[in-house]
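By our numbering, the letter at position 145 of the sequence shown is numbered 145, and the numbering carries on one by one without gaps.
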Amino acid sequence: MELIKTLIDFILHIDKHLIQITQQYQGWTYLILFFIIFAETGFVVTPFLPGDSLLFAAGALVAHGNSGLNIYLLMLILICAAVVGNTTNYELGKYFGPKVFKPENKILKLEYYLKTKEFFDKHGAKAVIFSRFLPIFRTVAPFVAGVGKMHLG
């Protein structure tokens, strides 16, 4: 049980453990950060991951100068993680469709789908870009775009 609590604390507060991660895992830190950002953007059921605070913490750590991380490599890796994650989320939405949004679903509520679809219908393709700055929409936007089979280009 203690292991589960430790794992949950680690995942939810990864930004606080970032210094320890860079010291222990050095080059592997890039892969760890890639996976977290990919998972946050790529799977509609993982919005609880601390992506925003992790990006801020990683940037601050690199700016401090003694992390051993390269800012340009970090930016490239994290941008790729976000793009690949969003594309994965889109493809999952396209594959699974609206059948996963049900009133009894606690995570993927039908209400979220309807609000996001309304937002897309009203604002078109720019809604995908603006949704990145809106908490609930950010997670479901690529998924709903896939459900609606919105054109990628």
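Idealized CB from N, CA, C, for every residue including glycine.
| Item | Value |
| --- | --- |
| VAL140 to VAL44 span [Cα, whole Å] | 6 Å |
| GLU104 versus SER67: straight-line alpha-carbon distance, rounded | 45 Å |
| Touch test, the region 30–45 against the region 72–86, Cβ-Cβ under 8 Å, three pairs minimum | yes |
| Nearest residue (CA-CA) to GLY51, options ALA63, LEU18, TRP28, ILE71 | LEU18 |
| Cross-strand partners of LYS102 (DSSP beta bridge) | LYS109 |
| Spatial distance of ALA57 from THR22 (CA atoms) | 12 Å |
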